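J.: Have a look at this one before I ask anything.
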């Protein structure tokens with residue numbers, strides 16, 4: 001059973017397009033996250049949701065819009081894709097979002113913008 | 001200065017070697033310290049966490065935190081080829097939710 005799943009795994013698209021990445025967790029966790037990993041493998045938080053409510057919104061262009069239809073899903077929509085958006089996007093979840101609890105990561109979505 | 005500094009390597013060692021991975025940080029508000037391991041084309045997975053100064057051991061792995069020096073380490077004893085991966089240190093404020101990661105150190109263990 002996959003704990004945190006993401007679709008698609010690979011996404012190749014042209015500049016200017018709009019695309020979405022989906023994330024689902026079956027762990028019953030309340031908190032979900034989106035992280036971006038650049039070509040140098042630096043992993044940085046983008047957004048965090050707790051029970052469908054946005055709690056972290058880092059300095060991310062407003063072309064990126066997260067949506068949480070329920071606490072098991074956190075999707076990421078990206079408008080007007082740019083070359084610099086090419087990266088691996090990881091979804092993660094944790095029970096409550098506080099303390100030393102483990103964050104469980106999905107397998108990542110590799111986005112390439114041409 | 002970035003909040004968390006980590007030497008990206010790469011680090012190459014022979015099988016059986018002792019490996020030392022390190023991170024420094026600048027924010028004294030960090031309370032929780034973690035090491036994640038990331039295999040190629042996979043998501044990071046938690047290896048160890050600590051929340052106080054001192055050592056924590058789990059099999060071949062030892063995590064060490066020195067809050068006074070703002071320095072954390074991960075030691076791998078008797079390294080194996082299966083340990084070849086990128087090791088990411090991560091830290092968290094007590095009330096915060098997001099992990100703040102180092103850049104990761106790529107380790108290669110040759111047989």
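Residue numbers (the numbering used here), protein chains in the order written: chain A, 1 to 114; chain B, 1 to 111. Just so it is clear, CB atoms sit at the ideal spot from N, CA and C, and this is done for glycine as well. From a predicted model like this one, the values you see are computed outputs, not experimental measurements.
1. Measure from the C-beta of residue 29 (chain B) to each C-beta in chain A and report whether the shortest distance is under 8 Å.
2. Mind listing, in chain order, the continuous beta strand (DSSP E) runs of no fewer than 3 residues lying wholly within the segment 48-111 of chain A?
3. Distance cutoff 8 Å, beta carbons only. Does residue 10 (chain B) sit that close to anything in chain A?
4. Taking 8 Å as the CB-CB cut-off, is residue 101 (chain B) touching chain E?
5. To the nearest whole angstrom, what separates the beta carbons of residue 106 (chain A) and residue 6 (chain A), a pair I think is in contact under 8 Å?
6. I'd like to know whether the C-beta of residue 63 (chain B) is nearer than 8 Å to at least one C-beta of chain A.
7. Identify the contact partners of residue 89 (chain A) in chain B, using a Cβ-Cβ distance below 8 Å as the criterion.
8. Roughly how many angstroms lie between the CA atoms of residue 53 (chain B) and residue 71 (chain B), to the nearest whole one?
9. Span of the beta strand (DSSP E) holding residue 17 (chain A)?
10. Assuming residue 15 (chain B) contacts residue 111 (chain B) under a Cβ cut-off of 8 Å, what Cβ separation, rounded to an integer in Å, is found between them?
11. Can you find a C-beta in chain A that's less than 8 Å from the C-beta of residue 86 (chain B)?
12. Where does residue 43 (chain B) land, buried or exposed, given buried means 16+ other C-beta within 10 angstroms?
13. Any heavy atom of the ligand FMN closer than 7 Å to the beta-carbon of residue 72 (chain B)?
14. Using three-state DSSP, classify residue 84 (chain B) as helix, strand or coil.
15. Strictly under 8 Å for the Cβ-Cβ distance: is residue 78 (chain A) near chain B by that measure?
16. Pick helix, strand or coil for residue 29 (chain A), following the three-state DSSP scheme.
T.: Quick look at the numbers:
1. The residue labelled residue 29 (chain B) in the question sits at position 29 within the second chain. So no, residue 29 (chain B) is outside the interface.
2. 53-57, 64-70, 73-78 and 87-94
3. Within the second chain, residue 10 (chain B) is the residue found at index 10, counting from 1. Not an interface residue.
4. The chain labelled as chain E is not found among the protein chains of the depicted structure, namely A and B.
5. Locating residue 106 (chain A) in the first chain gives position 106, where the first residue counts as 1. Locating residue 6 (chain A) in the first chain gives position 6, where the first residue counts as 1. Going by Cβ atoms, the distance from residue 106 (chain A) to residue 6 (chain A) rounds to 4 Å, so yes, they are a contact pair.
6. Within the second chain, the letter at position 63 stands for residue 63 (chain B). Chain A contact via Cβ: absent.
7. As a first step, residue 89 (chain A) is located in the first chain; it is residue number 89 there, counting from the start. Under the 8 Å cutoff, chain B gives no residues; its nearest Cβ is about 11 Å from residue 89 (chain A).
8. The residue given as residue 53 (chain B) occupies position 53 in the second chain. The residue given as residue 71 (chain B) occupies position 71 in the second chain. In a straight line, the C-alpha of residue 53 (chain B) is about 10 Å away from that of residue 71 (chain B).
9. Translated into the one-based positions of the first chain, residue 17 (chain A) becomes position 17. Where residue 17 (chain A) is concerned, there is no enclosing beta strand (DSSP E), given that its DSSP letter is neither H nor E.
10. On the second chain, position 15 is the one that residue 15 (chain B) refers to. On the second chain, position 111 is the one that residue 111 (chain B) refers to. Indeed they touch by this definition, with Cβ atoms about 5 Å apart.
11. What you label residue 86 (chain B) is simply residue 86 of the second chain in a count that begins at 1. Output row for residue 86 (chain B): interface = yes.
12. Numbered from its first residue, the second chain carries residue 43 (chain B) at position 43. Burial call: buried.
13. In the structure shown, the ligand FMN is absent, as is every other ligand, since no ligand is present at all.
14. One-based indexing of the second chain puts residue 84 (chain B) at position 84. If DSSP states are grouped into helix, strand and coil, residue 84 (chain B) belongs with coil.
15. The residue given as residue 78 (chain A) occupies position 78 in the first chain. With 8 Å as the cut-off, residue 78 (chain A) does not count as an interface residue toward chain B.
16. Within the first chain, numbered from 1, the residue matching residue 29 (chain A) stands at position 29. Residue 29 (chain A) falls in the coil class under three-state DSSP.
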